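K.L.:
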Amino acid sequence: MNRNNLILYIGILIFGIAAPFIFPAFKVQLSILCVLIVLATTWNIQGGEMGYNSFGNILFYGLGMYLCASVQVGMFFPLAEWTESGGEKTFVHTPAQFFQGMAVGLVVAAIVPTIIAGLIGYSILGLRGHYFAICTLGLGVAAGEISGGIEIIGAGQGFTTPPFPDVGSLEARGEFFYFLSFFTLILTFIAVRSIYSTRFKLILNAIRDNEDKAEAMGIETMKYKIIGWMISAFFCGLAGGIMGGLVGYIDSTDVAFDGREMGVFMVLMAILGGKGTLWGPIIGATIFHIFKEGFWTFFLGWQYVALGVLIVVIVIYFPEGIMGWLREKYPERFGEVVDEKDRKAQVELK
Amino acid sequence: MDFLVFQYPMITVQACLDGILLGVLFALIAYGMALQWGVMNIINIAQGDLVILGGYIAYFMYLYGIHPAWGVIVAPVIMYFVGIAIYKLVINKVVDRDLFISILATFGISILFMQLMNFAFGADVVLANSGYGTTMLFDSNVVLPNSKIFSAFISILFAVCLVIYMKKSKLGRAIRATAQNARAAKILGVDTEKVYAATFGINAALCGVAGALISITFTIHPYMGLPYTIRSFMIVIVAGLGNLPGVAMSGMGLGVFEEFADYILGTEFRIGSVFLLLVLILVYRRFKLSRKREYLK
Chain A
1 MNRNNLILYI GILIFGIAAP FIFPAFKVQL SILCVLIVLA TTWNIQGGEM
51 GYNSFGNILF YGLGMYLCAS VQVGMFFPLA EWTESGGEKT FVHTPAQFFQ
101 GMAVGLVVAA IVPTIIAGLI GYSILGLRGH YFAICTLGLG VAAGEISGGI
151 EIIGAGQGFT TPPFPDVGSL EARGEFFYFL SFFTLILTFI AVRSIYSTRF
201 KLILNAIRDN EDKAEAMGIE TMKYKIIGWM ISAFFCGLAG GIMGGLVGYI
251 DSTDVAFDGR EMGVFMVLMA ILGGKGTLWG PIIGATIFHI FKEGFWTFFL
301 GWQYVALGVL IVVIVIYFPE GIMGWLREKY PERFGEVVDE KDRKAQVELK
Chain B
351 MDFLVFQYPM ITVQACLDGI LLGVLFALIA YGMALQWGVM NIINIAQGDL
401 VILGGYIAYF MYLYGIHPAW GVIVAPVIMY FVGIAIYKLV INKVVDRDLF
451 ISILATFGIS ILFMQLMNFA FGADVVLANS GYGTTMLFDS NVVLPNSKIF
501 SAFISILFAV CLVIYMKKSK LGRAIRATAQ NARAAKILGV DTEKVYAATF
551 GINAALCGVA GALISITFTI HPYMGLPYTI RSFMIVIVAG LGNLPGVAMS
601 GMGLGVFEEF ADYILGTEFR IGSVFLLLVL ILVYRRFKLS RKREYLK
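Chains as they are written, first to last, in the working numbering: chain A, 1 to 350; chain B, 351 to 647.
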């Protein structure tokens, strides 16, 4: 089993590194896929494992996006003049400035949302069930509406991120962003996998299954809930920063705090793949992205209708997701011991 | 962002009156929300989109030359059947499930409705002109459009009718019984499936009335649904389920709050302030409840 896993990981790693050269036309799509997987996997930390279904992780994603771009511009040029000039480029980043700005920007984009998650965590995570869901939905929308009114980051007309500098090769931009997002994906995977092999995951599951009992057993649930949310926020911010550079344009409600699109996508991808599993969100995000791109191109304009129908269908008929379905079908594969008698009795009951 | 509000008392009066008239409409939507939440334990994110759909019915009557005020009668009838259809297709499969499932499913319906309305009616901000004129108060310092007064009056009328209906009629009794204990109601011969469908239909009809009134007094737009959902949710949690005077009061309070936020912060922060208020109310509620929990310990 262990050796098989190793071969699988090495295979995925090799495929990941070779992918932009095998499919050069799909580099941007592959980068977006990496970002989507990061978002779905980190949503799963508190949505799936902890049982706190949040619509508000988009807050950290959008925050990271704005922070990364602002830092990248603000380190070298006056931010207000940059946004005022809009699409016309009065300032040009040299390659060194661009990469320096991006590096610092990504660090800030990861750290600040984490701190914010820690600060608001105590108040927000005290809410239970649907109150938490609606509250986080409100947080996401409020952030979008408020950032749409702030002048220095572009207000209503949006914020153009620094264009990729001329480094000699036309392919460089796509490759840079692909490897950046792929690296983030690997980082996320390693982090999440190591988290899931510790006691921390068991505590999160205990909180999901019965929070009061977990508290009675002596677990400081609030502390672990906040830590879980902070981990989510860290990677969401990072993903947002990368996505901002990749898209090249930030709008408050359509790109950054896009609760109607990205905010629902994370939840949907995790549910489609299977909540509370390591591989579920990854599989879910991949299938969802392929489906979405196919559908989005063929049914242009009808994508939100399709999205609405998709949400309803998945939620009603497929709430356990792909991993849940596999688990029910092949429980042995998941290390569950199945009693034959018990199984027969259940089949008869059905 | 100037503080005219505090310098000219008449603006304060204007904002309060506007807010109260607006709040009555919010309370009507919130009443529907409280009804379905109490009876079926469902939080309907598509509530606001039902409101907007009702508004478009009135707007289309206006386009075809019928006075939009008649939409108050036509919209609830159509919306009742829309509500029943949504119930039969989606809601009856999520009634007994986890609340998050119902939130997500209705979120999907909301996205679907938004986009379908965008296709069918276009993305323009529209309003149905009722031609009711305005009323001047206090030496023409306070201007109130008659349509707002009309809409507040109609909302109160519908709310009162519904309350009486819920108290007196057989269906109303069945709905209240199901809200108290669905299992016991079932044992005593109430067809809960029918009651649920009727509840959702009545909720949609209320949304239709509110939407028709909104299209007369304010503006409608396919993407404006979510704020109405959030407002009604907020009103219900502030008032508590089944507390009708509370719903009316907190609806008006929210209306006044919004008008003041509009004057003080500026119109671009109006929706943002509503959503922030929701977060603040939920957080306040959480600390209040946690204190109670500690007391119980």
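Yeah, the Cβ is synthetic: ideal placement off N, Cα and C, and Gly gets one too.
None of the values given here were measured: they were computed from a predicted structure.
Check for me: the alpha helix (DSSP H) holding LEU204 (chain A) runs from which residue to which?
P.N.:
Looking at the DSSP string, the run of the alpha helix (DSSP H) that includes LEU204 (chain A) is 199-209.
K.L.:
Give the straight-line distance between the Cα atoms of GLY121 (chain A) and VAL71 (chain A), rounded to the nearest whole angstrom.
P.N.:
Rounded to the nearest angstrom, the two C-alpha atoms are 25 Å apart.
K.L.:
How should ASP212 (chain A) be labelled, buried or exposed, when 16 other C-beta atoms within 10 angstroms of its C-beta is the threshold for buried?
P.N.:
Answer is exposed; the Cβ neighbour count stays below 16.
K.L.:
Does the distance from the C-beta atom of VAL444 (chain B) to that of VAL315 (chain A) stay below 9 Å?
P.N.:
Yes, the pair counts as a contact, with Cβ atoms nearer than the cut-off.
K.L.:
Assess contact between the region 239-250 of chain A and the region 35-43 of chain A, defined as three or more Cβ pairs (one per stretch) separated by less than 8 Å. Is contact present?
P.N.:
The region 239-250 of chain A, when compared against the region 35-43 of chain A, does touch it at the 8 Å Cβ threshold.
K.L.:
Assuming contact is defined by CB atoms lying nearer than 9 Å, are LEU604 (chain B) and ILE621 (chain B) in contact in what I supplied?
P.N.:
Against a cut-off of 9 Å, the Cβ pair of ILE621 (chain B) and LEU604 (chain B) comes out as no contact.
K.L.:
Could you tell me the alpha carbon to alpha carbon distance between ALA548 (chain B) and ILE436 (chain B), rounded to whole angstroms?
P.N.:
Between ALA548 (chain B) and ILE436 (chain B), the C-alpha separation is close to 12 Å.
K.L.:
Since VAL112 (chain A) is in the beta strand (DSSP E), which residue starts that stretch and which ends it?
P.N.:
Segment 95-124 is the alpha helix (DSSP H) holding VAL112 (chain A); no beta strand (DSSP E) there.
K.L.:
Name, going along the chain, the residues of the region 355-378 of chain B whose beta-carbon falls closer than 7 Å to a beta-carbon of chain A.
P.N.:
Answer in chain order: no residues at all.
K.L.:
Taking one C-beta from the region 537-545 of chain B and one from the region 359-379 of chain B each time, how about it: are there three or more such pairs within less than 8 Å?
P.N.:
No, because fewer than three Cβ pairs between the region 537-545 of chain B and the region 359-379 of chain B fall closer than 8 Å, the two stretches do not touch.
K.L.:
Taking only beta-carbon positions, decide if GLY149 (chain A) is within less than 9 Å of chain B.
P.N.:
Closer than 9 Å to some Cβ of chain B, the Cβ of GLY149 (chain A) qualifies, so yes.
K.L.:
Measure the C-alpha to C-alpha separation of MET75 (chain A) and THR83 (chain A) and round it to an integer number of angstroms.
P.N.:
Each residue's alpha carbon lies about 14 Å from the other.
K.L.:
Measure the CB-CB distance between SER480 (chain B) and PRO418 (chain B) and report whether it falls below 9 Å.
P.N.:
Cβ distance < 9 Å, so SER480 (chain B) and PRO418 (chain B) count as in contact.
K.L.:
From the beta carbon of ILE7 (chain A), is the nearest beta carbon of chain B less than 9 Å away?
P.N.:
For ILE7 (chain A), the answer is no, since every Cβ of chain B falls outside 9 Å of its Cβ.
K.L.:
Report the residues of the region 457-471 of chain B with a CB closer than 9 Å to any CB of chain A, ordered along the chain.
P.N.:
Within the region 457-471 of chain B, the residues whose Cβ lies closer than 9 Å to some Cβ of chain A are PHE457, GLY458, ILE459, SER460, ILE461, LEU462, PHE463, MET464, GLN465, LEU466, ASN468 and PHE469, listed in chain order.
K.L.:
Straight-line CA distance for PHE26 (chain A) to GLU171 (chain A)?
P.N.:
Distance between the alpha carbons of PHE26 (chain A) and GLU171 (chain A) is about 12 Å.
K.L.:
Between ILE153 (chain A) and the rest of its own chain, which residues show a CB-CB distance below 7 Å, the 5 nearest in sequence each way excluded?
P.N.:
Excluding positions up to five away in sequence, the list reads TYR66, SER70, THR83, SER147 and PHE159.
K.L.:
Can you give, in chain order, each stretch of the alpha helix (DSSP H) that sits fully within the region 460-521 of chain B and has at least 4 residues?
P.N.:
Qualifying alpha helix (DSSP H) stretches, in chain order: 496-518.
K.L.:
Tell me the residue span of the alpha helix (DSSP H) that contains GLU543 (chain B).
P.N.:
Counting along the chain, the alpha helix (DSSP H) containing GLU543 (chain B) begins and ends at 542-567.
K.L.:
Quick check on TYR304 (chain A) - is its C-beta less than 9 Å from some C-beta in chain B?
P.N.:
For TYR304 (chain A), the answer is yes, since a Cβ of chain B falls inside 9 Å of its Cβ.
K.L.:
Out of curiosity, what's the CA-to-CA distance linking ALA80 (chain A) and ALA143 (chain A)?
P.N.:
Computed Cα separation, rounded: 20 Å.
K.L.:
Taking the beta carbon of THR94 (chain A) as the centre, do at least 16 other beta carbons fall within 10 Å, making it buried, or is it exposed?
P.N.:
Its Cβ having fewer than 16 others within 10 Å, THR94 (chain A) is exposed.
K.L.:
Just to confirm, is the Cβ distance from ILE219 (chain A) to ILE231 (chain A) under 9 Å?
P.N.:
No. Outside cutoff.
K.L.:
Please work out which residues of its chain come closer than 8 Å, Cβ to Cβ, to ILE22 (chain A), disregarding the five sequence neighbours upstream and downstream, and give them in chain order.
P.N.:
Counting only Cβ-Cβ distances below 8 Å, and skipping sequence neighbours, we find nothing.
K.L.:
By how many angstroms is the C-alpha of PHE291 (chain A) removed from the C-alpha of MET351 (chain B)?
P.N.:
Summary for MET351 (chain B): the model assigns pLDDT 46, below 50, so the residue's position carries little reliability; its value from the coordinates is reported in the next sentence. Taking the straight line from one Cα to the other gives about 47 Å.
K.L.:
Taking 9 Å as the threshold (beta carbon to beta carbon), is SER232 (chain A) in contact with chain B?
P.N.:
For SER232 (chain A), the answer is no, since every Cβ of chain B falls outside 9 Å of its Cβ.
K.L.:
Can you look up THR161 (chain A) in the DSSP assignment and give me helix, strand or coil?
P.N.:
THR161 (chain A) falls in the coil class under three-state DSSP.
K.L.:
Do you know how far the Cα of VAL28 (chain A) is from the Cα of ARG173 (chain A)?
P.N.:
Those two C-alpha atoms are separated by around 10 Å.
K.L.:
I need the DSSP call for ILE395 (chain B), collapsed to helix, strand or coil.
P.N.:
ILE395 (chain B) falls in the coil class under three-state DSSP.
K.L.:
Looking at the unbroken alpha helix (DSSP H) that takes in TYR23 (chain A), where does it start and where does it end?
P.N.:
First, the amino acid is wrong: residue 23 (chain A) is Phe here, not Tyr. Looking at the DSSP string, PHE23 (chain A) is not in any alpha helix (DSSP H), and its letter there is neither H nor E.
K.L.:
Quick one: does ALA455 (chain B) have its CB under 9 Å from some CB of chain A?
P.N.:
Closer than 9 Å: yes.
K.L.:
Inspect the beta-carbon positions of ALA478 (chain B) and ILE566 (chain B) and report whether they are closer than 9 Å.
P.N.:
Against a cut-off of 9 Å, the Cβ pair of ILE566 (chain B) and ALA478 (chain B) comes out as a contact.
K.L.:
Quick one: give me the first and last residue of the alpha helix (DSSP H) that LYS225 (chain A) is part of.
P.N.:
Unbroken alpha helix (DSSP H) run through LYS225 (chain A): 221-247.
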